[in-house]
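Undergrad:
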Amino acid sequence: MTTAAAPPVDLGRLWTLPGVYAPQADTHLLARALRAEGPTADMDVLDVCTGSGALALLAARGGARVCAIDISMRAVLTARMNAARAGHRVRVLRGDLTGPVAAQRFDLILSNPPYVPAPDARRPRGHGSERAWDAGPSGRRDLDRICARAPDVLRPRGVLLLVHSGLCGAEETLDRLTASGLRCAVTGRSSVPFGPVMTERLPWLRARGLIGADDDTEELVVIRAERP
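Going left to right, the sequence shown walks through residues 486 to 713 as my numbering numbers them.
1) Check the DSSP bridge columns for GLU703 and list the partner residues they point to.
2) List the whole-angstrom C-beta distance separating THR477 from SER676, where the pair is believed to meet the contact cut-off of C-beta under 8 Å.
3) Can you tell me whether DSSP reads ARG640 as helix, strand or coil?
4) Using the C-alpha atoms, what's the distance from ALA560 back to PRO609?
5) Compute the Euclidean distance between the alpha carbons of THR488 and ASP699, then round it to the nearest angstrom.
6) Going by alpha carbons, who is nearest to GLY624 out of PRO602, ARG607, ARG640, ALA633?
7) Please name the residue, chosen from ARG634, GLU615, ALA617, PRO622, that lies closest to ALA587 on a Cα-to-Cα basis.
8) Given this structure, state the Cα-to-Cα distance separating VAL505 from SER537, to the nearest angstrom.
9) Going along the chain, which unbroken runs of the beta strand (DSSP E) with 3 or more residues stay wholly within the segment 502-564?
10) Does the beta-carbon of MET683 have 16 or more other beta-carbons within 10 angstroms, so that it is buried, or is it exposed?
11) Contact check, LEU647 vs LEU639 under 8 Å by CB: the rounded distance?
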């Protein structure tokens, strides 16, 4: 069942450079899933596509050893600044998904990647905000790569928490993670009004059949996948 958006999680005071994704409804939905996992001091946590570093800092607050990655240098600088201001030790690296830590293993992986369907299949250039959400015509440009790569950096019994729009196909994500050997399920759902980006793209999204003529909300899902 899809539920209305729950109250936001206290993520502390965060600062973001222009073009860096600031926490929104999907961040808070994933934050609630993270709190349910209860990150502790004996856990190694990886935050992929960290943006402002909000989720990395939430894990660090629980005492976990945290590494955060983003392809955007502005996001890396933002996350480092927010970690310093909050007094948390978070290792923040620039790179493509799990690339910088391919030889390491983690107990928990978090990811709120770009997932908004976009007419252009190419990754946006420059430092604009669209880099934080545009993910090609299906919205799965980064989702499919995360499904393929995350199992390789999970420890046995390690958990992946992944949030994305229902428009991208939750079943597709479940199928790909299951094929990678993970046990997975949708563990969180929330319905939110269309934001400015989705509203601007409504004619294109409706023409592709991704959104119905009368739809005015977007479903967000959290998928939990565990390595046996």
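Beta carbons are placed, not taken as given, at the ideal position from N, Cα and C, and that holds for glycine.
These figures come from a predicted structure and were not determined experimentally.
TA: Taking the structure as given:
1) Numbered from its first residue, the sequence shown carries residue 703 at position 218. DSSP lists VAL677 as partners of GLU703.
2) Nothing can be reported for residue 477: it is not among the residues displayed for the chain, which extend from 486 to 713.
3) Counting from one through the sequence shown, the residue named residue 640 turns up at place 155. DSSP places ARG640 in strand when its eight states are reduced to three.
4) Along the sequence shown, one-based indexing puts residue 609 at 124. Along the sequence shown, one-based indexing puts residue 560 at 75. The straight-line gap from Cα to Cα measures roughly 15 Å.
5) Here residue 488 refers to the residue found at position 3 of the sequence shown. Here residue 699 refers to the residue found at position 214 of the sequence shown. At THR488, the pLDDT of 49 sits below 50, so the modelled position is not reliable and the matter cannot be decided from this model.
6) The residue given as residue 624 occupies position 139 in the sequence shown. When only C-alpha atoms are compared, the closest one is PRO602.
7) Along the sequence shown, one-based indexing puts residue 587 at 102. Taking only the C-alpha atoms, the option nearest ALA587 is ARG634.
8) Here the question's residue 505 lines up with position 20 in the sequence shown. Here the question's residue 537 lines up with position 52 in the sequence shown. Spanning the two alpha carbons is a distance of roughly 7 Å.
9) 529-533, 550-555
10) For the purposes of this step, residue 683 is taken as the residue at position 198 of the sequence shown. Answer is buried; the Cβ neighbour count reaches 16.
11) By one-based count along the sequence shown, residue 647 stands at place 162. By one-based count along the sequence shown, residue 639 stands at place 154. 12 Å between Cβ atoms; not a contact.
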